[in-house]
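Structure record follows, encoded as structure tokens.
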Amino acid sequence: MFLSRDETILVSACLLGVNCRYNGMTKKDDRVIEWLRGKRFVPVCPESLTGLPVPREPADYDAGDGTGVKTGKARILSRDGIDWTKEFLRGATEVVKIARLVGATRAVLKERSPSCGVHQIYVRGQLVPGKGLLTALLEQEGIKVISEPELLGK
Numbered sequence: 152m153f154l155s156r157d158e159t160i161l162v163s164a165c166l167l168g169v170n171c172r173y174n175g176m177t178k179k180d181d182r183v184i185e186w187l188r189g190k191r192f193v194p195v196c197p198e199s200l201t202g203l204p205v206p207r208e209p210a211d212y213d214a215g216d217g218t219g220v221k222t223g224k225a226r227i228l229s230r231d232g233i234d235w236t237k238e239f240l241r242g243a244t245e246v247v248k249i250a251r252l253v254g255a256t257r258a259v260l261k262e263r264s265p266s267c268g269v270h271q272i273y274v275r276g277q278l279v280p281g282k283g284l285l286t287a288l289l290e291q292e293g294i295k296v297i298s299e300p301e302l303l304g305k
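For what it's worth, my numbering labels the leading residue of the sequence shown as 152, then goes sequentially.
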């Protein structure tokens, strides 16, 4: 079972209808919202905690993934080539602090995001297998992370 009754779950805020994506839009998913009914959850958006504006240029990895950022082997760059690694790390670290404060044990995150991707991210514009930075940090904390397609059985 992914979630017991008394657990707190982190959820990508964009899946809940918050306009926090790089383009100022949302990825609201009513099926995720319905699944959350009656559960304790905390909406989070690491990219909103970066200090970068919304909207802004999209970002992806120059190589590797979120695990590589932790070890200094990957960077997160804007489409224009600006290094946003430090900002994305700041946002993801803030979400980890939130997870600790609320005692989160699970997370449902937006697939393909440079922060929240669980199994897929973009490297130089190409969709590849990999973890987003927040996913890597949450898993390091022992938090079970799944993507919204996994939750919905897609």
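C-beta: ideal position from N, C-alpha, C; glycine also.
About 19 Å separates the Cβ atoms of Gln291 and Pro280, ruling out a contact at the 8 Å cut-off. When DSSP states are grouped into helix, strand and coil, Val274 belongs to the strand group. Taking all protein chains shown into account, Asp234 has fewer than 16 neighbouring C-beta atoms within 10 Å of its C-beta and is therefore exposed. No Cβ-Cβ contact shorter than 9 Å links Tyr173 with Tyr273. In the three-state DSSP reduction, Asp234 falls in the strand class (E or B). Between the segment 170–188 and the segment 250–257 there are fewer than three inter-stretch CB-CB distances shorter than 8 Å, so the stretches are not counted as touching. Assigned with DSSP and collapsed to three states, Ile160 falls in strand.
Exposure of Ala214 is indicated by the presence of fewer than 16 other C-beta atoms within 10 angstroms of its C-beta. Looking at Ala225, Ser199, Lys224, Asp216, the one whose alpha-carbon comes closest to that of Ser163 is Ser199. Taking 3 residues as the shortest admissible run, the segment 219–263 contains the following complete beta strand (DSSP E) segments, listed from N- to C-terminal end: 227–229, 255–260. Of the other Cβ atoms in all chains shown, 16 or more fall within 10 Å of the Cβ of Gly283; this residue is therefore buried.
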